[in-house]
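Participant: Residue numbers for the sequence shown follow our numbering, beginning at 37 and rising by one.
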Amino acid sequence: MIVAWIGAASIGIVIARYYRQTWVGASCCSKDLWFGWHRLLMMFTWVLSLAGSACIFVELGEWVTGPSQTHALLGVVTTVLAFFQPIFAAFRPHPDSSKRPIFNWIHWLVGNAAHIFSILTIFFAVTLSKAELPSWMDWILAAYVGFYVVIHLILSISGCMSEKSGSMRINTFPMKDLHNGRSPMSYEQHKDAPHAGFRKFWLFIHVLFIVIITAVLVLIVVFAPIESKLNSIRGEY
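(1) Exposed or buried, T115, counting other C-beta atoms within 10 Å across all chains shown (16 or more means buried)?
(2) Inspect the beta-carbon positions of L117 and V146 and report whether they are closer than 8 Å.
(3) Excluding the 5 residues flanking I51 on each side, which residues of the same chain have their C-beta closer than 8 Å to its C-beta?
(4) According to the Cβ coordinates, are H107 and L177 closer than 8 Å?
(5) Per DSSP, C64 is paired with what?
(6) When the Cβ atoms of the segment 41 to 58 are set against those of the segment 90 to 102, are three or more pairs found closer than 8 Å?
(7) Which of helix, strand or coil does DSSP assign to L117?
(8) What ranges does the alpha helix (DSSP H) occupy inside the segment 118 to 198, keeping only unbroken runs of at least 4 residues that lie completely in it?
(9) Three-state secondary structure (DSSP) at T250?
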């Protein structure tokens, strides 16, 4: 779940939200480059979420009760939302359809809700006795949340600057697409929106941070209880 939601989803969501007018003209499998990466990362999230949930149910064999119930309930909600998201996307209306704004709202709402619930689920996992995770893992998760919020703020400001600098309206944010039947892909754009280099730099920083923090969290989970293992290593030396 950490690799799925803190790793793949955090990158896929940012790419879809802020990079539709970056690498204009580049394509992957006859699709815009941003869309290809977004779809790949979110399908990776989908597969890992379903596989992770299946493994948990097989391991436990029954529904949990007590303190673990909150974590379990949030996990189920996350998995259900994630399961239906690509199904909704498969039936998205044409960009010029009058129903496209409805789809855009649903896609945005379900995707963001699943991401928020997934992070809450991971926070609650820290308190599970069976997980044997250190309490200071909460600080690492808090650092991730803080960084993720800052990235959105930076790229939102960049989008406003890009729109102001452009000679025509540049549709940078999916949310702007919610009020009409058009898609950002329907705009005739032949070059990147202004400040593309700035956006690419922050995407690099974002991906680097996400990869590092995902790797750290995975190591903490894999080697749990990690504090005991670290103490034993110190004792050997």
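Think of the CB as a built atom: it goes at the ideal place given N, C-alpha and C, for glycine as much as any other residue.
Facilitator: On the basis of the data shown:
(1) So T115 counts as buried.
(2) yes
(3) W70, W73, H74, L77 and L239
(4) no
(5) For C64, the beta-bridge partners assigned by DSSP are K67.
(6) no
(7) helix
(8) 136 to 161
(9) helix
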